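Trainee:
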Amino acid sequence: MNFFSRVIVDLAYFLHTSDAYQHKKRLVYDLLENNKNHYKQYFDIFMIALIFLSVAILIAEVKHEVPIEIKFFNSYVISIIFFIEYILRFWISSSVCEIIINKSEHDTMLGREFSLFRAIIKVVKAKLIFIFSFRAIIDLLAILPFFHELRLLRLFVLFRVFKLFRYATSFQIFASVLYTKKFEFLILFMYTSIVISVSSILMYVMEANNPASKVNTLFDAVYWSVVTIATVGYGDIIPITIEGRVVAIAVIFAGISLIAFTTSIVVSALNEKLDDIREIKTIEDIRKLKQFYLICGYENVAQEVAKKLKDGVTNIIVLDEDEHRIANAKRDGLVALNYDPGDAQSYKIIGIDLNTQVKAVLCLRESDVENVYTTLTVRSMNKNVNIVSLLMDDSNRKKLDFAGVNEILYPKGLVGMISKELIGRPVAFEVIHALRNDYYGVSVEEILVDDRMSQKLIYVHELNNHKFKIVLLGIFKKDKKRFFFNPIDATMLESGDYLLVIGKSIFIKEFEKHLHKKIKYEK
Amino acid sequence: MKNRVALIFGYNDYALEIAKNITDNESEVYIYSLHSEQDILKNKSNFEIRSFDLSDNWEGINENFDFDNSIAFCVLEDSAENIFLTLSLRSLFSNLHIIALSNNKETANKLQMAGANKVIPLVQTTAEMIAEMMEKPIVKEVFHKILFESGELKITQVKINAKNEYIGKGITELDWNDRHGVIPLSMVHEDMKSEFIYSSKIKHHIIKEGDMFVIVGYENCIADFEKLIGSRYDVNWCNWSR
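Going line by line, the protein sequences match chains X and B. Per this note's numbering, the first sequence runs over residues 39 to 561. Per this note's numbering, the second sequence runs over residues -5 to 236.
1. With H, G and I counted as helix, E and B as strand and the rest as coil, what does DSSP make of phenylalanine 152(X)?
2. Nearest chain X C-beta to serine 85(B) closer than 9 Å, yes or no?
3. Need the endpoints of the alpha helix (DSSP H) that leucine 53(X) sits in, please.
4. Label aspartate 7(B) either buried or exposed according to how many other C-beta atoms from any shown protein chain fall within 10 Å of its C-beta, with 16 as the threshold for buried.
5. Mapping the DSSP letters down to three states, classify isoleucine 191(B) as helix, strand or coil.
6. Once the 5 residues before and after leucine 438(X) are set aside, which same chain residues still bring their CB inside 8 Å of it?
7. Could you name the residues of the same chain whose beta carbon sits closer than 6 Å to that of leucine 168(B), not counting the 5 residues immediately before and after it, in chain order?
8. Given a cut-off of 9 Å on the beta-carbon distance, is the pair alanine 0(B) and isoleucine 92(B) in contact?
9. Taking 7 Å as the limit between beta carbons, can you name the residues of its chain near tyrosine 559(X), skipping five residues before and five after?
10. I need the straight-line Cα distance from serine 73(B) to asparagine 97(B), nearest angstrom please.
11. Which of the residues in the region 206 to 226 of chain B, read from start to end, lie with their CB under 9 Å from any CB of chain X?
12. Indicate whether the contact test is met: 3 or more Cβ pairs, each with one atom in the region 546 to 553 of chain X and one in the region 501 to 509 of chain X, closer than 8 Å.
13. For tyrosine 478(X), which residues in chain B fall below 7 Å Cβ to Cβ?
14. Classify proline 105(X): buried if its beta carbon has 16 or more other beta carbons within 10 angstroms, exposed otherwise.
15. Can you have a look at aspartate 57(X) and say buried or exposed, based on whether 16 or more other CB atoms are within 10 angstroms of its CB?
16. In chain order, what residues of the region 439 to 465 of chain X put their CB closer than 8 Å to some CB of chain B?
17. I'd like to know if valine 339(X) contacts chain B, where contact means its C-beta is closer than 9 Å to some C-beta of that chain.
18. List the residues of chain X that alanine 125(B) touches, going by C-beta distances under 7 Å, in chain order.
19. What does the alpha-carbon distance come out to for the pair alanine 213(X) and asparagine 72(X)?
20. Suppose contacts are defined by Cβ-Cβ distances below 9 Å. Is glutamine 151(B) in contact with valine 208(B) by that definition?
21. For alanine 98(X), which residues from the same chain have a beta carbon less than 6 Å from its beta carbon, with the 5 sequence-adjacent residues on both sides left out?
22. Kindly provide the ranges of any alpha helix (DSSP H) runs that are 4 or more residues long and lie completely inside the region 59 to 138 of chain X, ordered along the chain.
23. Go to valine 462(X), then tell me how far its alpha helix (DSSP H) extends in each direction, as first and last residue.
24. Would you list the one or two residues that DSSP bridges to methionine 206(B)?
25. Below 7 Å between beta carbons is the criterion; list the residues of the region 104 to 133 of chain B that meet it against any residue of chain X, in chain order.
26. Excluding sequence positions up to five away, which residues of its chain have a Cβ less than 6 Å from the Cβ of tryptophan 114(B)?
27. Find the residues of chain X that neighbour tyrosine 8(B), judging by a C-beta separation of less than 7 Å, and give them in chain order.
28. Taking 9 Å as the CB-CB cut-off, is valine -1(B) touching chain X?
29. What residues of chain B sit near glutamate 123(X), judged by a beta carbon separation below 9 Å?
30. Using a Cβ-Cβ cutoff of 7 Å, what residues of the region 398 to 412 of chain X are near chain B? List them in chain order.
31. Quick check: the Cα distance between lysine 563(X) and serine 113(X), rounded to an integer number of angstroms?
32. Could you tell me how far apart the beta carbons of aspartate 391(X) and serine 384(X) are, in whole angstroms, since I believe they sit closer than 8 Å?
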């Protein structure tokens, strides 16, 4: 890695492990994006107030002389506030440090030279995604009234109204609900167009030559038709001839049916489509996920596995063809979809990328037949994804192996092995069990030695784990696929190694931070 | 003379797996079935299948076995029957060590109330193993080897004997890692409850005769350490109450 790349990666690690920086970023994120944050609602109200104020000033300017201070406030202060908001959103939209660190660790894991150029491309891509998002474009347009000298740009104040969509999620939901009825709305539009076209032409033909009629042009007829069909009826244009009045009766009835039709579409959309909208939203969210565990089948073991994995950083998605089990998964706070995991079509509909998104497929149905079927489906679509499966009957082990499962867990065999340990070394077994499950705040963790760490920490004694009351159980050398227990101080650390450390969880976290920060101190 | 035995109640895959695994540790392993006539016919294992029922008539069994030093595994598939069996065994043999299998938390609680010394929560244990496979694959692999496979790395319990130079010294004064090549994980108290060595309370503990530690190390290091400091301590089930 060249000097410049090293400086960039060091800086990324520094910012990533800097409590002050992360705290500030988190604070901004919570204020702008986290709906659970108490202060976000005040921020939203403040921004909504600014939007309304801005529009009110625009309206007032039409007929009245607005004081220069208010104009200044509208053109500069509000615009600058919106500009700061835009910049903050740009900042929190993606983590540049994380992208660089991930790329660096990824390259380290694969034994490749770190490519700064590729990391920068990834950063730019992430930021462009934000810039070209609909909301970000609206945000940007809302800043344009800053250039109020250009008179046309003043009208961009109205784009500030569109910003309301950002702060009021109900607008977004309502719009998406209506969108699902686009076909019905298209029919409605065609129906209305036909009625307006026919009635306005008829009206023009019947009335245009009558001197007493106010219908002089085709536009007058179209205007009358729209006002009538909308059941508004201003009364400025009325039919004079008998034929014209007959047309008016027909349009009035068409108008009533139009209102009824529109209302029924909106109501039925709200009643029927909300669940679907939720599912679409879930699928959209899943597509955006970088990585997740895919649990196929949500029975007893799956429920417990989900509970255990839920606390980790990786997301969990549950697929099950049974509605009740999906309801259970949702009740347990998981993202769950009622799709058959044994059907390849399910993955296509949801848009799951087995290659990049799925960390592991967990076939946890308590039926070997179902697990074999799901495994074959997944394997037929992707050769590399890691598949873990439950095995209920040992005689089916070969079938699961043949189907392409990477790791098999046979609970009955596990019970046998545990029984043996409980007879031979009960206390030792309990100690390991407690350690594995982080009982009493003591746990065992894996820490990856990345390229950067191995450059600065050459020998085991440089880890200084004793200072953090951490015991180094051993080092797992990935290239040799061997575990070196209790390594001597002179053991060399290499990139890709894993340190297995035991200690209090909070001390381990501090130790891990120290390993990354150590570089900064030495410089 | 009555013998120390391992009794497995219930004839199913769990029973056979347990029997298969514990035969190295226990010289006599018997499987008892509620439906012995059918089970004997379909039995393809090498284990002898005997008959029992859920009544309190244990005379035939009681005459031959030393229940104070024996172990019973309750692995009946029906949870209610399993709890009833555990309760029957406990009411008649107060010192018998009972390990029971449960499918859920509710059954586990009931089995403990019925007097089981140890309950293996099947679902939770399986889930823990899968979660560890996912989140900490290397930890899983290393611990699996230490616990379940016959590799060089071992975990064991050692007891400090009377003739020992370390008695009266602090735990940290004992150069476990560098000099002896072992890593201590926890200290076992007199009531057989273990406490991790990393707790601040234990760090100030002064070593005395009878102290017991759980250590990890290569087999030869553990053997040398045992010679120096004490002896491998086989846990007596009578004293174990976790």
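Note that beta-carbon positions come from the ideal geometry of N, C-alpha and C, so glycine has one too. Nothing here was measured: the structure is a model prediction, and the numbers come from that model.
Mentor: Well, looking at it:
1. If DSSP states are grouped into helix, strand and coil, phenylalanine 152(X) belongs with coil.
2. Not an interface residue.
3. Here the alpha helix (DSSP H) through leucine 53(X) covers 41 to 55.
4. So aspartate 7(B) ends up on the buried side.
5. Three-state result, isoleucine 191(B): coil.
6. The residues are Asp406, Asn409, Val410, Thr413, Ser427, Leu429 and Ile446.
7. Tyr160, listed in sequence order.
8. Between alanine 0(B) and isoleucine 92(B), the CB-CB gap reaches or exceeds 9 Å.
9. Low per-residue confidence applies at tyrosine 559(X): pLDDT is 47, beneath 50, and the placement is therefore not dependable enough to give any value.
10. Serine 73(B) and asparagine 97(B) have their C-alpha atoms spaced approximately 8 Å apart.
11. Within the region 206 to 226 of chain B, the qualifying residues are Met206, Val208, Ile209, Val210, Gly211, Tyr212 and Cys215.
12. With the cut-off at 8 Å, the region 546 to 553 of chain X and the region 501 to 509 of chain X touch.
13. What tyrosine 478(X) touches in chain B: Phe190.
14. Exposed: under 16 other Cβ atoms inside 10 Å.
15. Result: exposed.
16. Going along the region 439 to 465 of chain X in chain order, one finds Glu445, Leu447, Pro449, Lys450, Gly451, Leu452, Val453, Gly454, Met455, Ile456, Ser457, Lys458, Glu459, Leu460, Ile461, Gly462, Arg463, Pro464 and Val465 with a Cβ nearer than 8 Å to chain B.
17. Closer than 9 Å to some Cβ of chain B, the Cβ of valine 339(X) qualifies, so yes.
18. Per Cβ cutoff of 7 Å: Val343, Lys346 and Leu347.
19. Taking the straight line joining both Cα atoms gives about 21 Å.
20. Glutamine 151(B) places its beta carbon less than 9 Å from that of valine 208(B).
21. These residues qualify, in order along the chain: Val104.
22. Complete alpha helix (DSSP H) runs here, min 4: 78 to 101, 106 to 110 and 116 to 130.
23. The question names valine, yet the displayed sequence has glycine at residue 462(X). The continuous alpha helix (DSSP H) containing glycine 462(X) extends over residues 449 to 462.
24. Beta bridge pairing from DSSP links methionine 206(B) with Lys153(B) and Val182(B).
25. Against chain X - using a Cβ distance shorter than 7 Å - the residues of the region 104 to 133 of chain B are Lys112, Ile114, Leu116, Val117, Gln118, Thr119, Thr120, Ala121, Glu122, Met123, Ile124, Ala125, Glu126, Met127, Met128, Glu129, Lys130, Ile132 and Val133.
26. The sequence given here has isoleucine at residue 114(B), not tryptophan. Only residues of its own chain outside the window of five on either side were considered, and among them Leu95 have a CB closer than 6 Å to the CB of isoleucine 114(B), listed in chain order.
27. Residues of chain X passing the Cβ test: Lys450 and Val453.
28. No, its Cβ sits nowhere closer than 9 Å to a Cβ of chain X.
29. Using a Cβ-Cβ cut-off of 9 Å, glutamate 123(X) is close to nothing in chain B; its nearest Cβ partner there is about 38 Å away.
30. So the list reads Ala398 and Leu400, given in the order they occur along the chain.
31. The first residue shown for chain X is 39 and the last is 561, placing residue 563(X) beyond what the model contains.
32. Actually they do not touch by this definition, with Cβ atoms about 14 Å apart.
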